[in-house]
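Working notes, beginning with the structure itself.
There are 4 protein chains.
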Amino acid sequence: MIRLDLELQLEYEILDDAGADFIFNIHAARTGQQFVRHEQLSLSQPLQPQFHTDATATRFMRVHAQPGPLTLSYAATVDIDHHRCDPASLREVPVRELPLDLMPYLYPSRYCQADRLLRLAAREFGGMPPGYSRVVAIQQWVQQRTTFASNTSTASTSALDTLLDQVGVCRDFTHLMIALCRAVNIPCRMATGTDYGADVALGPPDFHAYVEAFLGDRWYIFDASGTGIPLGFMRFGTGRDAADVAFATIFGRVNSLSPLIRVEARSGPGLELPHPVDAAISTSALHDAGVPAGGDVEAARSSAELSAEAY
Amino acid sequence: MIRLDLELQLEYEILDDAGADFIFNIHAARTGQQFVRHEQLSLSQPLQPQFHTDATATRFMRVHAQPGPLTLSYAATVDIDHHRCDPASLREVPVRELPLDLMPYLYPSRYCQADRLLRLAAREFGGMPPGYSRVVAIQQWVQQRTTFASNTSTASTSALDTLLDQVGVCRDFTHLMIALCRAVNIPCRMATGTDYGADVALGPPDFHAYVEAFLGDRWYIFDASGTGIPLGFMRFGTGRDAADVAFATIFGRVNSLSPLIRVEARSGPGLELPHPVDAAISTSALHDAGVPAGGDVEAARSSAELSAEAY
Amino acid sequence: MIRLDLELQLEYEILDDAGADFIFNIHAARTGQQFVRHEQLSLSQPLQPQFHTDATATRFMRVHAQPGPLTLSYAATVDIDHHRCDPASLREVPVRELPLDLMPYLYPSRYCQADRLLRLAAREFGGMPPGYSRVVAIQQWVQQRTTFASNTSTASTSALDTLLDQVGVCRDFTHLMIALCRAVNIPCRMATGTDYGADVALGPPDFHAYVEAFLGDRWYIFDASGTGIPLGFMRFGTGRDAADVAFATIFGRVNSLSPLIRVEARSGPGLELPHPVDAAISTSALHDAGVPAGGDVEAARSSAELSAEAY
Amino acid sequence: MIRLDLELQLEYEILDDAGADFIFNIHAARTGQQFVRHEQLSLSQPLQPQFHTDATATRFMRVHAQPGPLTLSYAATVDIDHHRCDPASLREVPVRELPLDLMPYLYPSRYCQADRLLRLAAREFGGMPPGYSRVVAIQQWVQQRTTFASNTSTASTSALDTLLDQVGVCRDFTHLMIALCRAVNIPCRMATGTDYGADVALGPPDFHAYVEAFLGDRWYIFDASGTGIPLGFMRFGTGRDAADVAFATIFGRVNSLSPLIRVEARSGPGLELPHPVDAAISTSALHDAGVPAGGDVEAARSSAELSAEAY
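Residue numbers (full-length UniProt numbering), protein chains in the order written: chain A, 1 to 311; chain B, 1 to 311; chain C, 1 to 311; chain D, 1 to 311.
So, in structure tokens, the structure goes:
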């Protein structure tokens with residue numbers, strides 16, 4: 001079990017007289033493997049946030065802020081009891097067997113244009129034995145060809161740009177790896193959250209974007225940029241790409257200041273600190289069309305979708 | 001009430017020894033306004049199709065076909081009792097009031113890169129009074145700048161390409177109009193189906209792609225390419241763009257022959273033939289976070305999502 | 001006659017042990033209308049620059065610099081006796097009559113992909129009467145659709161990007177205007193140099209990029225970004241786009257510091273200060289396939305090329 | 001010595017009442033190594049073509065054709081006495097030593113956006129020993145990653161598209177190889193002409209596009225698509241990319257019919273038939289800043305340019 005304490009503080013200056021709308025994706029997800037023991041949110045303006053949890057357990061919060069400064073503070077203590085298993089036991093699920101609600105994770109999306117990479121991916125990865133090891137091979141391929149450098153990409157940078165320019169940040173590594181996985185029919189999505197435990201030379205804990213690939217019967221974590229410690233990732237949201245799970249989507253003229261992020265891993269009885277592991281790990285519950293696992297929004301929602309059909 | 005008889009026949013030649021997987025989106029949607037009185041599906045191979053209906057009432061069918069020829073025949077009789085209202089009564093829903101499950105329809109998607117068009121859309125449409133008339137203005141802007149010509153676009157052609165090249169087919173008009181609507185914060189999606197009633201000089205009824213924009217409390221139909229009769233559109237599916245609702249998504253080496261499509265509108269007591277109307281029309285039920293309308297999967301799913309949050 | 005005093009100072013830090021190569025395009029061009037009365041170049045390292053003047057009178061200087069700091073100082077006093085004429089008298093030259101060595105200025109280039117804009121340009125400008133006024137209409141079209149903002153584009157931003165994003169700096173306005181002119185068969189090129197005389201609110205004199213369109217029998221100046229005073233432009237180089245006439249093309253790892261640029265217009269007998277004019281103006285000599293005008297490299301080179309053919 | 005007989009026939013239907021303008025690049029180049037023993041041109045309309053030979057010996061022909069059919073027939077007998085040398089003897093020329101008029105062949109162009117590929121090329125080829133063998137390595141890299149397939153690209157397909165899509169024709173292979181060479185500072189250009197001698201399974205002789213890289217003191221031939229016999233290439237033109245040396249650039253509405261192309265290699269005393277060779281081969285004369293080689297337009301023009309500077 002991993003226990004993480006998170007504190008984050010986001011500061012904005014709203015410039016429009018009419019105020020501005022924000023969609024935040026900064027709450028720890030509640031899944032069958034990730035438990036929010038405690039959380040606290042405060043806003044410096046007297047606002048009434050609205051919440052929405054989507055089918056993947058991503059919690060979105062909308063606020064309409066008034067002109068002037070806005071500070072959002074969020075603190076949470078989160079337990080993650082990762083599902084772990086032997087990578088060698090994880091098979092790719094053929095298209096014909098894939099739960100049908102997962103098909104969109106094979107399709108191209110705004111920043112992951114898999115349709116343009118079918119030949120390239122087939123040439124590079126088509127001959128490899130399917131399974132967890134093929135996803136790792138794609139991850140390594142991306143890492144070997146991409147330089148991590150801040151301020152080298154923008155909000156419209158896509159997987160194709162990153163493949164050409166060979167430079168980017170975690171968001172860009174993630175988009176490219178997703179596009180390549182989908183191009184060989186491996187369902188793949190973006191996860192967002194925070195990291196903890198990476199080499200301190202790479203800087204303090206920060207927001208992070210990483211990859212989840214569907215293998216066997218659930219989503220497994222991969223770190224496309226290759227510098228993080230996946231056991232230390234706290235998951236906020238998942239989506240087809242950054243269009244779905246930006247930390248903040250802002251409507252209106254707003255200045256954003258640098259966020260403050262603090263993450264600590266607790267030690268104690270039954271707790272371990274994030275460290276590299278060989279096991280495949282997941283913060284998702286079993287993806288099942290039958291009986292939903294208790295308390296996991298993901299599985300419940302999916303089973304509802306699958307049973308809704310009465311053709 | 002519109003009553004349409006549809007017959008369609010799709011023919012393929014599967015080339016791979018291992019067969020091929022198909023995801024079809026060719027069933028008439030069942031919504032609060034569109035009723036499938038009768039439908040019949042037959043496949044020339046003894047296959048066991050699997051079905052999935054998503055949150056927007058789109059029905060997907062998956063089959064794993066064996067090598068050799070495959071013919072899919074689908075026939076349906078569909079009643080459409082369009083919701084109609086005065087366009088002048090339809091307001092745009094501000095971001096702060098939009099049902100939260102509709103936010104993804106404001107975000108950029110694979111073929112509708114609204115994020116690149118924020119300035120252009122603000123300049124062209126930002127000063128117009130919001131409402132149905134602004135969506136019509138966007139539709140006309142696209143039509144005036146785009147030439148309809150077959151075989152001018154490919155599966156990877158996007159809204160940006162169409163904006164630059166100013167040529168395309170209904171899919172391309174649709175993508176561009178969607179991208180521009182989203183860029184001024186009007187939720188917008190692609191609908192697919194068949195058309196009926198257009199000028200015969202433009203050819204027989206065919207597959208069609210068109211636009212749905214969310215105004216007031218539901219999705220309204222717009223024909224981006226401007227040559228169809230929206231009352232004659234039978235809806236199959238809706239999605240963020242063509243990546244979500246292709247008529248057929250094929251995995252494997254397959255030759256596709258030209259589809260045969262026949263649509264007839266029935267006349268009789270209580271029936272009218274598709275014709276141009278001034279009214280705003282919709283085949284969707286009220287999108288409501290409260291009591292779901294009976295039998296409308298769309299509304300039911302949305303309300304479930306909104307009430308799932310207990311922050 | 002305009003007389004301008006230019007001083008510029010460029011500073012670099014060469015990081016590679018092997019040194020770095022620079023191609024500079026920072027010398028005032030010597031044309032039939034622009035005369036370099038005096039110029040002085042100094043380099044802080046004891047280097048032997050090499051020079052090359054191309055067929056358009058652009059002077060390139062190459063140096064191989066050693067590791068460490070490099071300062072280039074250039075000062076010049078330049079007289080510009082603009083060719084001026086009534087815009088109404090300037091016709092577009094039909095393709096069939098265009099000097100054949102100018103054909104490349106109709107073709108697409110790295111940053112000016114006219115081939116993608118044929119329909120758009122025909123739709124917007126195809127119905128206008130040809131001539132100087134049509135080029136002005138293209139210039140205004142670009143200005144109305146593009147916001148001038150620093151740090152919004154990169155070295156790979158092209159005309160298509162600017163058309164979509166509607167934001168950029170003088171380089172981007174210039175590329176877009178060039179692409180649109182070529183798309184309606186008006187030969188067009190980029191000019192680089194310095195500006196003088198613009199509204200001081202827009203900042204001090206600086207490097208500038210602007211447009212030259214070929215009308216009648218020579219190249220005429222247009223300011224795509226619309227804020228400069230063309231009489232105050234000192235011309236360094238011309239080329240098909242920024243790929244040809246970057247102020248500095250650098251091979252090797254180098255830090256570039258902000259350049260210092262000072263331009264003054266002299267007053268005195270026979271001199272006028274840069275000011276807005278209605279006349280069409282040019283710093284190029286007559287482009288003639290016959291007898292070259294004395295002292296104008298451009299015309300001389302062109303005539304040589306045209307007479308070389310003895311088919 | 002190679003002796004080739006070429007016959008080609010191009011047929012068009014001019015649709016505009018005003019006629020149409022054509023720029024053809026279909027004449028065998030006359031270089032220090034390629035000699036036109038005999039050539040004959042006929043046009044089915046009574047037109048007066050105009051000719052222009054550029055600095056690289058490319059001959060352009062312009063005609064203004066009347067409405068209706070136009071047939072162009074060209075026949076030539078051409079001797080090619082290839083300059084041949086040991087590949088191991090050919091060095092890359094450092095930027096600091098490169099003849100300055102060749103710098104544009106290092107810069108990005110419309111279809112060869114080398115500026116986007118600097119990191120990729122450095123990673124793939126930066127560590128290889130410079131020389132002819134590195135250019136061969138780039139050629140092989142392109143061939144291994146690109147599938148030759150007709151009708152997979154359009155007039156706006158660029159090197160970046162080909163790198164992503166991994167499919168194309170000789171034009172596309174050529175653009176990608178050029179972009180990669182330039183990205184590691186090897187001057188590189190496109191050559192157009194005809195091929196002869198390839199495996200008959202690949203079809204009859206046809207128009208061809210291939211690569212010339214500047215090594216040592218002249219331009220050497222490489223076949224980017226890897227299926228041709230370079231000794232059998234007859235050179236028409238060279239340029240920075242296809243924007244410069246299209247076989248036909250057409251202004252106006254014109255239907256193009258399939259061209260007829262016949263090439264035969266003659267045998268006889270002193271003649272050899274095209275066959276694979278290990279030697280590096282060139283149809284260009286020495287590129288020299290000093291005394292121009294007799295009869296070679298290329299060298300003469302270059303030396304003029306270099307001596308024109310009197311700073």
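Beta carbons: idealized from backbone N, C-alpha and C, even for Gly. Treat the numbers as computed from the prediction; the structure is a model and nothing was measured.
For a cut-off of 8 Å, the C-beta gap from residue 184 of chain C to residue 122 of chain C is around 7 Å, short enough to register as a contact. For residue 116 of chain C, at least one C-beta of chain D is nearer than 9 Å to its own C-beta. DSSP places residue 117 of chain A in no beta strand (DSSP E); its state is neither H nor E. With respect to chain C, the C-beta atom of residue 164 of chain B has a partner C-beta closer than 9 Å. Listed in chain order, the positions of the UniProt domain "Transglutaminase-like" (162-226) of chain C with a beta carbon within less than 9 Å of a beta carbon of chain B are 163, 164, 165, 166, 167.
Excluding residues up to 5 positions away in sequence, 58, 60, 192, 236, 237, 245, 246, 247 lie with their Cβ nearer than 7 Å to the Cβ of residue 25 of chain C in the same chain. Annotation: residue 171 of chain C to residue 258 of chain C spans about 17 Å, alpha carbon to alpha carbon. Of all alpha-carbon atoms in A/90, A/51, A/67, the one lying nearest the alpha-carbon of residue 219 of chain A is that of A/90. Following the DSSP letters along the chain, one finds residue 42 of chain B inside the beta strand (DSSP E) bounded by residues 34-43. The beta carbon of residue 54 of chain A falls within 9 Å of a beta carbon belonging to chain B, placing the residue at that interface. Counting along the chain, the unbroken alpha helix (DSSP H) around residue 143 of chain D starts and ends at 132-145. Pairing residue 111 of chain B with residue 39 of chain A, the inter-Cα distance amounts to about 38 Å. Going by DSSP, residue 162 of chain A is part of the alpha helix (DSSP H) stretching over 159-165. Inter-residue distance for residue 230 of chain C and residue 276 of chain C is about 7 Å (C-alpha atoms, whole angstroms). Taking every protein chain shown into account, the CB of residue 154 of chain C has fewer than 16 other CB atoms within 10 angstroms, so this residue is exposed.
For residue 262 of chain A, the enclosing beta strand (DSSP E) begins and ends at 260-265.
A direct Cα-Cα distance of roughly 18 Å separates residue 2 of chain A from residue 204 of chain A. Not one beta carbon of chain B lies nearer than 9 Å to the beta carbon of residue 253 of chain A. Taking the beta carbon of residue 119 of chain C as reference, the chain B residues within 7 Å of it are 147, 165, 166, 167, listed in sequence order. By alpha-carbon distance to residue 96 of chain D, the top candidate from C/199, C/23, C/17 is C/23. The C-beta of residue 30 of chain A has 16 or more other C-beta atoms within 10 Å across all chains shown, which makes the residue buried. Counting only Cβ-Cβ distances below 9 Å, residue 160 of chain C has contacts in chain B at 160, 164, in chain order. With 16 or more other Cβ atoms from the protein chains shown falling within 10 Å of its own Cβ, residue 212 of chain A counts as buried. Residue environment for residue 128 of chain B: exposed (fewer than 16 other C-beta atoms within 10 angstroms of its C-beta).
The continuous stretches of alpha helix (DSSP H) do not include residue 29 of chain D, and DSSP gives it neither H nor E. Taking all protein chains shown into account, residue 182 of chain D has 16 or more neighbouring C-beta atoms within 10 Å of its C-beta and is therefore buried. From the beta-carbon of residue 23 of chain A, the residues of chain B found nearer than 7 Å are 103. Distance from the Cα of residue 176 of chain A is smallest, within the candidate group A/271, A/143, A/200, A/151, for A/143. In this structure residue 99 of chain A is buried. Its beta-carbon is surrounded by 16 or more other beta-carbon atoms within 10 angstroms. Rounded to whole angstroms, the separation of the alpha carbons of residue 138 of chain A and residue 146 of chain A is 12 Å.
If you draw a straight line from the Cα of residue 36 of chain B to the Cα of residue 282 of chain B, it is about 16 Å long. At a cut-off of 9 Å between beta carbons, residue 123 of chain D contacts chain A. Between the C-alpha atoms of residue 254 of chain C and residue 62 of chain C there is a straight-line separation of about 15 Å. Assignment of residue 231 of chain C by DSSP, reduced to helix, strand and coil, places it in the helix class. As a beta-bridge residue in DSSP terms, residue 218 of chain B pairs with B/215. In the structure shown, residue 90 of chain B adopts coil according to DSSP, grouped into three states.
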